[in-house]
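Peer 1:
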Amino acid sequence: MQKTRTFSDKIFLVLKGLAMGAANKVPGVSGGIIAFVAGFYEEFIFSLKRINLNSLKLLVNGRFRSLYYYTNSKFLLLLILGMVISYFSVSQLLDFLLENFELYVWSSFFGMILGSIYYISKDFQDWNRSNVLFAIFGILAGLSISLLEPAAENDNLWFVFFCGIIGVSGMTLPGLSGSFILILLGNYVLLLVDSVNALYDALAMIAVWDFSFLNDEEHMRLLQVLLVFTAGSVAGLVSLSHVLGYLLKHYKNRTFATIIGFITGSLGVVWPWKEAIFRRSAEGTILRDKNGNQIIDNYDRFIPEINDPQTWVAIFFIIFGAAIVLWLAWYENRNKEDYA
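Under the working numbering, think of the first position of the sequence shown as 4, with each following residue one higher.
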């Protein structure tokens, strides 16, 4: 049964989807954290879990109204609308901000994750020995991922499908950045830059009735890669939601403890004070994508200078990021009675 939501709640749900979409594109940031802190993580997982054989039967039998309510489609469609808007707007703004104000953007995200850890853990009371061990496991897993070395780009379609399954994990697993995983797999530029730009260019050309891209082998290859990546993402979203739905139902406290640990371990990925390590050829030349952008392989982190004015501005943005998360949590808690 779908929850009753006011018009303002629907607008905020679109905005949350927008925030999830933007977060998923930034390496090191997880859209799942937005869902977790904003209070709709469990509803998100259990709604995705409803995409199963029963929903397929409803679709085949033409029972679209029943399918709409069974899968909580109003909720999912509002989130997806926000993500789509984000993909073609906010994510572009993020690219600009990362290029021109990188330290302050990372500081804001670092603060958001700190705020998330505080908000999630403050009400978690079941810190027995077992749950502490699961939290430690989550911390170690998060730290380990941040230390892995990136692989080379691979456009094999089976591998691209696998990247889709793994890349979408940031939406369902708070603390696990799908974008950062794609960097480690070597396909971040291919899947989230080149192929998306190819789709954008194709849509722009279709709008002026220009179909010349159909004869461009490279353009069509990128569109094929994007299609396979999308299929993998859908498969991953549905399959992971079933696994997480089971864990939340039968091992909720252990799952939450692991998530708290994983988010804590992921702080190393979004540490604001870092320098990008760019991919180089065998001769040592920095490699670039087809648009001339340098390809990031990983980051070299360092301790900031306390006397540097930029350090204090960055600390302000850390506090600002944490405040945003805590405000979202406050707003969601204030309206919980409407969702009962």
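Beta carbons: idealized from backbone N, C-alpha and C, even for Gly.
1) What residue does the alpha helix (DSSP H) around Phe265 start on, and which one ends it?
2) What does the Cβ neighbour count give for Ile306, buried or exposed, with the cut at 16 atoms within 10 Å?
3) How many Å lie between Ser69 and Ser58 at the Cα?
4) Assuming Met86 and Gly141 make a contact with CB atoms under 8 Å, what is their CB distance in whole Å?
5) State yes or no: is the C-beta of Val171 within less than 8 Å of the C-beta of Leu240?
6) What did DSSP end up calling Glu308 once you bin it into helix, strand or coil?
7) Report the rounded CA-to-CA distance for Thr261 versus Cys166, giving the unit in angstroms.
8) Is it buried or exposed, Leu217, if we count other Cβ atoms within 10 angstroms and call 16 or more buried?
9) Just list the residues that DSSP pairs Phe47 with in beta bridges.
10) So which of Ala22, Gly264 and Lys52 has the shortest CA-CA distance to Ala38?
11) What distance in whole Å lies between the Cβ atoms of Leu146 and Gly268, which are believed to be in contact at a cut-off of 8 Å?
12) Taking Cβ to Cβ, would you say Ile48 is nearer than 8 Å to Gly248?
13) Do Pro177 and Ile321 count as a contact pair if the criterion is CB distance below 8 Å?
14) Should Ile14 go down as buried or exposed, given a rule of 16 or more other Cβ atoms within 10 Å for buried?
15) Since Phe113 contacts Trp274 with CB under 8 Å, what's their CB separation in whole angstroms?
16) Excluding the five sequence neighbours on either side, which residues of its own chain have a C-beta within less than 6 Å of the C-beta of Val108, listed in chain order?
17) Quick check on this structure: which residue in Tyr121, Asn27 and Glu45 has the alpha carbon closest to the alpha carbon of Thr258?
18) Within this structure, are the beta carbons of Gly34 and Ala26 separated by less than 8 Å?
19) Where does Ile54 fall in DSSP's three states?
Peer 2: This is what the structure gives:
1) Lys255 to Gly268
2) exposed
3) 9 Å
4) In fact, because the Cβ distance is near 26 Å, the residues do not count as touching under 8 Å.
5) yes
6) coil
7) 23 Å
8) exposed
9) Note: Phe47 sits in no beta bridge, so no partner.
10) Ala22
11) 5 Å
12) yes
13) no
14) exposed
15) 7 Å
16) Leu100 and Leu101
17) Glu45
18) yes
19) coil
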